[in-house]
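Step one of this worksheet: look at the structure below.
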Amino acid sequence: MGTDDEMMHDKEVLEAAARWHSCQAAEDMDWLAFEAWLAADPRHRDAFDDIALLDAEIDRHTPALHRLLSTPERVAPTHHRWSRKMVGGGMVAAGLAVGLILTTWEWTPIADVPAPATYRAGSNELDVSIADARITLAPGSSLAARSGNRSQLALTGRAEFAVRHDPARTMLVRAQGYEIRDVGTRFEVVSGNGMVRVSVSEGVVEVRAPNGGGATRVVAGHVATGLADGRLTLASSTQTVKEGRRNGPLSFEAMPLGLVAAEVTRVSGQQVRVETSVAAKPFSGVLATSRGEAMVRTLATLAGVNARRQGDEIRLEPGARR
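This is the structure we're talking about:
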């Protein structure tokens with residue numbers, strides 16, 4: 006009975022992960038609720054990473070899928086139709102079972118999609134090597150790589166990348182619905198609350214927003230900031246966000262408060278939610294790292310906003326408390 010309950014729970018988690026993934030390009034995406042869902046259970050992050058990488062695999066094989074869908078005699082009538090949106094309860098499960106469905110179609114290139122390799126940093130940074138890239142994950146961050154295509158990555162949190170130049174291979178990093186493409190360079194990605202910041206120290210990367218449109222090129226010495234509404238801005242930078250090893254201070258340069266709050270949540274362990282009206286407010290300063298709410302209170306004071314506890318989380322709102 007316990008096994009049946011576990012299977013049902015796993016199915017519900019996968020369905021929820023698929024719904025969150027399909028909503029990321031929507032203008033009304035609730036990024037704060039999404040971050041809370043990710044933090045509620047380690048299995049939520051696992052499921053979301055799996056969905057993001059599976060979606061990338063489906064993108065890669067879309068032409069073949071279209072050919073299969075246009076040939077109904079090859080599809081067994083007892084199976085559900087596959088829906089790319091994956092937003093309905095039963096249809097989400099059918100979409101997640103893409104390997105089984107493709108086997109039914111007697112088409113094998115991705116019938117057995119390997120499970121992703123997931124890397125998680127604990128209280129210290131974690132160095133990993135993936136597909137000719139050296140990657141440093143900040144504490145509390147995670148990275149998933151599809152075993153069959155390790156150049157497709159899904160990032161939660163912050164990481165620094167050093168990618169060896171190879172014109173035949175492009176690395177794709179997905180974070181908060183944004184896509185970062187790189188051929189060979191050094192760059193850093195900070196993500197959270199529906200936002201990303203990409204700082205490039207060597208070479209060039211391309212950043213694409215969740216709402217579509219063309220890619221934005223980011224060259225060395227520049228930083229691209231993507232907001233939760235899909236707006237993407239480009240600016241020169243005199244520094245990148247750096248966190249000292251072994252819990253050193255956090256230094257920020259004109260970073261949206263929503264992203265700063267995500268970093269503080271990751272480092273302090275205190276859940277922080279930022280009201281939409283101040284989420285894009287730029288913040289510059291240095292924060293000493295600490296556990297609990299002290300770090301959040303310091304951020305609120307320096308940023309000129311009000312910090313209000315609500316249950317287990319602290320909300321940052323307009324108007325500093327005097």
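All residue numbers for the sequence shown refer to this note's numbering, where the first residue is 6 and numbers rise by one. Just so you know, even glycine gets a beta-carbon here, dropped at the ideal spot from N, CA and C. Values in this document were obtained by computation on a predicted structure and should not be read as measured data.
Presumed contact (8 Å Cβ cut-off) between residue i and residue j, rounded CB distance
i, j, result
"VAL205", "VAL178", "VAL205 to VAL178, Cβ: 13 Å. No contact."
"ALA214", "GLY235", "5 Å"
"ARG320", "ARG271", "In fact, because the Cβ distance is near 17 Å, the residues do not count as touching under 8 Å."
"GLY253", "THR306", "Contact doesn't hold; Cβ gap of about 21 Å is too wide."
"ALA45", "VAL18", "Between VAL18 and ALA45 the Cβ distance is about 10 Å, and since that is not below 8 Å, they are no contact."
Closest residue to residue i among the options (Cα-Cα distance)
i, options, result
"ALA225", "ARG151, THR190 and LYS16", "THR190"
"ALA180", "ASN216, ALA299, SER156 and VAL194", "VAL194"
"GLU322", "ASN311, CYS28 and ASP55", "ASN311"
"SER147", "THR141, ILE135 and THR161", "THR161"
"GLY197", "LEU239, ALA284 and LEU255", "ALA284"
"VAL209", "GLU258, GLY199, MET200 and HIS227", "HIS227"
"VAL201", "ALA229, ARG186 and ALA305", "ALA229"
"SER128", "VAL203, VAL301 and GLY145", "GLY145"
"LEU237", "ALA266, SER282 and ILE185", "ILE185"
"GLY263", "GLU130, PHE166 and SER282", "SER282"
"ARG163", "ARG169, ALA126, GLY182 and SER134", "ALA126"
"GLU207", "PHE166, ALA240, TYR183 and GLY182", "PHE166"
"ARG151", "LEU59, MET260, LEU239 and GLY297", "LEU59"
"GLN275", "ALA122, PRO261 and GLY297", "GLY297"
Counterpart residues of residue i in DSSP-defined beta bridges
i, result
"ASP187", "MET176 and VAL210"
"MET200", "GLY197"
"ASN311", "GLU322"
"GLY290", "PHE257"
"ALA167", "ARG139 and ARG191"
"ARG3", "Residue 3 is absent from the structure shown; the chain starts at 6 and stops at 327."
"HIS227", "VAL205 and SER241"
"GLU159", "Glu is not the amino acid found at residue 159; the sequence shown has Ala there. DSSP output for ALA159 lists ALA149 and ARG179 as bridge partner(s)."
Start-to-end residues for the beta strand (DSSP E) that takes in residue i
i, result
"LEU232", "Looking at the DSSP string, LEU232 is not in any beta strand (DSSP E), and its letter there is neither H nor E."
"SER134", "131-135"
"ARG151", "147-151"
"THR221", "221-224"
"SER2", "No statement about residue 2 is possible, as the shown extent of the chain runs from 6 to 327 and does not include it."
"ARG125", "122-125"
Cα-Cα separation between residue i and residue j, rounded to whole angstroms
i, j, result
"TYR124", "THR303", "31 Å"
"GLU20", "LEU142", "28 Å"
"VAL97", "LEU232", "Residue confidence is low: VAL97 scores 46 on pLDDT, short of 50, so the model does not pin down where it sits. No coordinate-derived value is stated."
"ASP317", "VAL188", "42 Å"
"GLU268", "ILE56", "24 Å"
"ASP171", "ARG314", "49 Å"
"GLY309", "ALA136", "43 Å"
"LEU158", "ALA149", "6 Å"
"GLU280", "SER242", "26 Å"
"ARG24", "HIS49", "12 Å"
"VAL203", "PHE192", "7 Å"
"SER256", "GLU211", "25 Å"
"GLU258", "VAL291", "9 Å"
"GLY217", "ASP132", "32 Å"
"HIS26", "GLY199", "12 Å"
"PHE288", "ALA173", "39 Å"
"ARG139", "MET176", "12 Å"
"VAL301", "GLY324", "15 Å"
"ASP15", "ASP54", "14 Å"
"VAL265", "LYS286", "10 Å"
"ALA22", "ALA299", "32 Å"
"ARG156", "GLY182", "Residue identity differs from the one stated: residue 156 is Ser in this sequence, not Arg. Roughly 17 Å between the two C-alpha positions."
"MET260", "ALA240", "11 Å"
"GLY104", "LEU43", "Here GLY104 scores only 45 on pLDDT, less than 50, and its place in the model should not be relied on; the value that follows carries that caveat. Spanning the two alpha carbons is a distance of roughly 25 Å."
"VAL168", "GLU130", "18 Å"
"ALA38", "ALA122", "26 Å"
"SER134", "SER273", "27 Å"
N- and C-terminal bounds of the alpha helix (DSSP H) containing residue i
i, result
"THR270", "262-273"
"ARG302", "299-308"
"THR281", "281-284"
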